[in-house]
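Only one structure is covered here, and it is reproduced in the block below.
Protein chains: 4
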Amino acid sequence: MRDELFIRGNIPMTKSEVRAVSLSKLEPEPDSIVYDIGAGTGSVSVEAALMVPRGQVYAFEQKPEGCELIAQNAAKFGIRNLTIVSGKAPETLRGLPHPDRVFIGGTGGNMPDILDYLLQNNSGLKIVLNVITLESLNQAVSYINERNLQAEIISLQVSKAEKIGSYHMLRGQNPIYIITIH
Amino acid sequence: MRDELFIRGNIPMTKSEVRAVSLSKLEPEPDSIVYDIGAGTGSVSVEAALMVPRGQVYAFEQKPEGCELIAQNAAKFGIRNLTIVSGKAPETLRGLPHPDRVFIGGTGGNMPDILDYLLQNNSGLKIVLNVITLESLNQAVSYINERNLQAEIISLQVSKAEKIGSYHMLRGQNPIYIITIH
Amino acid sequence: MRDELFIRGNIPMTKSEVRAVSLSKLEPEPDSIVYDIGAGTGSVSVEAALMVPRGQVYAFEQKPEGCELIAQNAAKFGIRNLTIVSGKAPETLRGLPHPDRVFIGGTGGNMPDILDYLLQNNSGLKIVLNVITLESLNQAVSYINERNLQAEIISLQVSKAEKIGSYHMLRGQNPIYIITIH
Amino acid sequence: MRDELFIRGNIPMTKSEVRAVSLSKLEPEPDSIVYDIGAGTGSVSVEAALMVPRGQVYAFEQKPEGCELIAQNAAKFGIRNLTIVSGKAPETLRGLPHPDRVFIGGTGGNMPDILDYLLQNNSGLKIVLNVITLESLNQAVSYINERNLQAEIISLQVSKAEKIGSYHMLRGQNPIYIITIH
Chain A
744 MRDELFIRGN IPMTKSEVRA VSLSKLEPEP DSIVYDIGAG TGSVSVEAAL MVPRGQVYAF
804 EQKPEGCELI AQNAAKFGIR NLTIVSGKAP ETLRGLPHPD RVFIGGTGGN MPDILDYLLQ
864 NNSGLKIVLN VITLESLNQA VSYINERNLQ AEIISLQVSK AEKIGSYHML RGQNPIYIIT
924 IH
Chain B
744 MRDELFIRGN IPMTKSEVRA VSLSKLEPEP DSIVYDIGAG TGSVSVEAAL MVPRGQVYAF
804 EQKPEGCELI AQNAAKFGIR NLTIVSGKAP ETLRGLPHPD RVFIGGTGGN MPDILDYLLQ
864 NNSGLKIVLN VITLESLNQA VSYINERNLQ AEIISLQVSK AEKIGSYHML RGQNPIYIIT
924 IH
Chain C
744 MRDELFIRGN IPMTKSEVRA VSLSKLEPEP DSIVYDIGAG TGSVSVEAAL MVPRGQVYAF
804 EQKPEGCELI AQNAAKFGIR NLTIVSGKAP ETLRGLPHPD RVFIGGTGGN MPDILDYLLQ
864 NNSGLKIVLN VITLESLNQA VSYINERNLQ AEIISLQVSK AEKIGSYHML RGQNPIYIIT
924 IH
Chain D
744 MRDELFIRGN IPMTKSEVRA VSLSKLEPEP DSIVYDIGAG TGSVSVEAAL MVPRGQVYAF
804 EQKPEGCELI AQNAAKFGIR NLTIVSGKAP ETLRGLPHPD RVFIGGTGGN MPDILDYLLQ
864 NNSGLKIVLN VITLESLNQA VSYINERNLQ AEIISLQVSK AEKIGSYHML RGQNPIYIIT
924 IH
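Written as structure tokens, this is what we have:
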């Protein structure tokens with residue numbers, strides 16, 4: 744879905760191309776339980792919710808402003824299978840139904856704890872991470888190597904043409920790492 | 744969907760990341776009539792068919808080997824709303840139901856004729872092109888500029904980590920231009 | 744040389760990585776006659792002048808503000824083998840010593856005329872173009888194909904880490920096409 | 744300098760664009776002492792030697808085949824200010840004149856030891872690293888962060904057009920990280 748369909752505020756939003764590739768890697772089933780950790784504006788949560796009509800999406804977000812935006816976007820798209828959980832993961836994950844699909848857009852510095860919690864008793868779990876800093880990339884790669892996990896790591900770089908007078912000029916967007924653990 | 748799910752043969756196949764972004768740009772509705780021109784292995788046709796349960800996909804492909812692969816992939820995924828049309832576009836397009844969504848993966852050198860045919864009497868039509876040569880990019884950009892069309896042009900470059908011993912090394916894939924006309 | 748060494752004003756400047764690759768493709772000899780067409784701030788002219796101690800660089804620039812900056816940068820680096828030519832190419836090229844190396848950073852829409860003039864009676868000439876719009880890329884590729892010229896075409900994309908708190912985040916720069924005709 | 748000018752054998756060679764950017768970041772002075780650690784075919788050593796006519800380049804390489812290639816390339820270009828040191832760094836660095844410029848193309852897994860040795864008593868030292876694996880990137884970024892070093896980190900991705908019949912198709916090369924410590 745196009746970025747401009749979402750209500751955004753000042754919270755950073757996953758770009759449409761990154762969202763498309765990430766959700767394609769996530770491969771949710773119609774009845775999947777999906778966690779969206781660091782849900783931001785909820786753009787991934789909303790698209791995921793539409794992909795799991797008989798499933799449920801849990802959107803975890805620390806910032807109150809983010810939780811408010813997720814609620815607004817869910818309402819805008821008439822989403823009924825989305826639960827917003829405010830607070831800091833992994834604490835907020837406890838006691839909820841186990842997921843079979845997890846998208847992690849941000850971890851607030853808690854990546855190993857969150858991954859530990861998710862991986863402890865979940866076979867068949869698929870996790871997709873979006874990573875934009877070299878330090879988080881390091882953390883993810885070290886985690887994968889230390890536990891000898893199967894993972895696909897890609898770097899995605901999009902440039903988008905901008906019209907300058909009668910010319911199209913390519914504007915580079917920031918590269919992002921998309922990591923799939925399965 | 745992952746590339747390895749498809750039967751491939753020797754026909755070049757759109758990579759999963761490019762397919763995900765292209766279909767996301769195409770935004771098919773559940774009842775859309777979708778054309779897949781230069782359908783190759785049918786990977787886009789199959790994914791599109793799953794996205795339009797009440798619609799229909801027409802896969803246009805010149806090569807008999809390609810048509811055979813599309814049929815095999817459609818059968819593998821139990822697709823029932825996909826029609827394979829053998830031969831050279833735009834001739835093969837005539838007489839079929841008008842599409843509201845068109846994906847063009849290849850034009851066999853006939854891009855302007857195909858676009859002319861598609862755009863002549865279709866309001867509300869959305870077209871997504873995948874372009875890998877500078878000459879086809881040239882043709883598409885010139886076409887867009889001459890007719891003053893609204894278009895989004897992006898360049899997408901994916902690098903994928905390959906495991907070399909205990910190291911992950913990023914391998915660059917070929918960049919592709921994804922052009923959306925609407 | 745680092746970008747911050749140059750006086751810049753409001754004129755767009757070739758970035759250091761692009762300058763390094765472009766000058767490496769240009770392969771000037773110590774006694775080369777180098778043209779820098781669309782010289783902007785003169786950053787390429789200055790670096791080229793340092794590479795041709797027994798040669799001469801001609802910096803062609805339309806904008807008076809650009810010519811002034813080139814003069815300032817030449818003075819800053821103590822360059823003595825650099826001639827600034829104000830006005831619009833290809834007219835301004837006439838009557839000057841024939842070059843063996845030409846860098847083209849901008850053509851003011853006159854690319855075919857400039858290339859025609861340069862290529863008419865120059866064997867052994869090497870030309871490097873920097874191109875940032877799809878329309879100029881088209882013009883260059885069409886020119887190369889129509890005249891069946893030998894050319895190398897690369898796309899260069901640089902991302903640079905920016906420090907955000909204690910994290911390094913990669914920022915995508917705009918991709919550029921570097922075309923070498925020889 | 745173009746890649747095809749060098750004798751290569753089976754040793755991986757830094758590509759010309761990466762070499763150009765790396766040497767531009769290294770900014771050697773005419774009298775610099777340059778170390779090239781993990782010198783491979785010697786392409787960086789040779790270009791650096793030409794840039795420091797009153798200086799000296801030390802090429803450190805573990806593989807005998809590499810040392811032989813460096814010698815051949817030095818001879819081919821008539822280089823006289825290049826010393827080849829066989830063996831494993833940092834041991835091989837000891838007792839040699841202190842460098843003011845160091846290029847590191849490979850560390851054989853010894854990056855922190857090599858950096859520790861180089862940085863212990865060298866003010867004004869500039870180091871440029873080329874890194875292609877995520878694990879080495881991790882090591883470099885961690886090293887920089889732990890010691891609070893000033894560093895520039897870029898990712899460079901080149902695509903090169905290949906002629907397929909009468910079409911130019913961009914082929915993606917592998918991305919590389921170029922890290923400058925100063």
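Residue numbers (our numbering), protein chains in the order written: chain A, 744 to 925; chain B, 744 to 925; chain C, 744 to 925; chain D, 744 to 925. All C-beta atoms, glycine included, are put in the ideal place defined by N, C-alpha and C.
Closer than 8 Å, CB to CB, is residue i near chain B or not?
{"i": "residue 901 of chain C", "result": "no"}
Would you kindly report the start and end of the unbroken beta strand (DSSP E) that includes residue i?
{"i": "residue 802 of chain A", "result": "799-804"}
{"i": "residue 792 of chain B", "result": "Segment 786-794 is the alpha helix (DSSP H) holding residue 792 of chain B; no beta strand (DSSP E) there."}
{"i": "residue 902 of chain D", "result": "894-907"}
{"i": "residue 873 of chain B", "result": "869-874"}
{"i": "residue 780 of chain D", "result": "776-780"}
{"i": "residue 921 of chain C", "result": "919-924"}
{"i": "residue 827 of chain B", "result": "825-829"}
{"i": "residue 744 of chain B", "result": "Counting along the chain, residue 744 of chain B falls outside any beta strand (DSSP E), and DSSP gives it neither H nor E."}
{"i": "residue 915 of chain A", "result": "910-915"}
Is the CB of residue i under 8 Å away from at least one CB in chain A?
{"i": "residue 925 of chain B", "result": "no"}
Consider the Cβ of residue i: report whether some Cβ of chain C lies at a distance smaller than 8 Å.
{"i": "residue 914 of chain A", "result": "yes"}
In terms of residues, what are the limits of the alpha helix (DSSP H) holding residue i?
{"i": "residue 839 of chain A", "result": "From DSSP, residue 839 of chain A is part of no alpha helix (DSSP H); its letter is neither H nor E."}
{"i": "residue 926 of chain D", "result": "The requested residue 926 of chain D does not occur in the structure, where chain D is confined to residues 744 to 925."}
{"i": "residue 759 of chain C", "result": "759-769"}
{"i": "residue 885 of chain A", "result": "877-889"}
{"i": "residue 809 of chain B", "result": "807-819"}
For a contact defined as C-beta to C-beta under 9 Å, what are the partners of residue i on chain A?
{"i": "residue 904 of chain C", "result": "876, 877"}
Whose Cβ in chain D lies nearer than 8 Å to the Cβ of residue i?
{"i": "residue 897 of chain C", "result": "760, 901, 902, 903, 904"}
Strictly below 7 Å CB to CB, what residues from chain C border residue i?
{"i": "residue 918 of chain B", "result": "898"}
Got a sec: is the Cβ-Cβ distance from residue i to anything in chain D below 8 Å?
{"i": "residue 841 of chain B", "result": "no"}
{"i": "residue 788 of chain C", "result": "no"}
{"i": "residue 910 of chain B", "result": "yes"}
Our contact map puts residue i next to residue j with C-beta atoms below 8 Å; I'd like the distance itself, whole angstroms only.
{"i": "residue 924 of chain A", "j": "residue 874 of chain A", "result": "No, residue 924 of chain A and residue 874 of chain A are not in contact; Cβ-Cβ is about 12 Å, not under 8 Å."}
{"i": "residue 846 of chain B", "j": "residue 884 of chain B", "result": "At roughly 19 Å, the Cβ-Cβ gap does not stay under 8 Å, so residue 846 of chain B and residue 884 of chain B are not in contact."}
{"i": "residue 918 of chain D", "j": "residue 767 of chain B", "result": "With 8 Å as the limit, residue 918 of chain D and residue 767 of chain B do not qualify as a contact, their Cβ atoms being about 24 Å apart."}
{"i": "residue 799 of chain B", "j": "residue 816 of chain B", "result": "Going by Cβ atoms, the distance from residue 799 of chain B to residue 816 of chain B rounds to 17 Å, so no, they are not a contact pair."}
{"i": "residue 783 of chain D", "j": "residue 851 of chain D", "result": "12 Å between Cβ atoms; not a contact."}
{"i": "residue 778 of chain B", "j": "residue 842 of chain B", "result": "4 Å"}
{"i": "residue 769 of chain B", "j": "residue 844 of chain B", "result": "5 Å"}
{"i": "residue 916 of chain D", "j": "residue 758 of chain D", "result": "7 Å"}
{"i": "residue 773 of chain A", "j": "residue 789 of chain A", "result": "About 16 Å separates the two Cβ atoms, so there is no contact after all."}
{"i": "residue 812 of chain D", "j": "residue 754 of chain D", "result": "6 Å"}
Note down, in chain order, every chain B residue with its Cβ under 7 Å from the Cβ of residue i.
{"i": "residue 763 of chain A", "result": "763, 764, 767"}
Using Cβ-Cβ distances below 8 Å, what residues of the stretch 875-887 of chain B are close to chain C?
The residues in question are 877, 878, 880, 881, 884, 885.
Listed in chain order, which residues of the stretch 767-778 of chain C have Cβ atoms closer than 9 Å to some Cβ of chain D?
So the close ones are 767, 768, 770.
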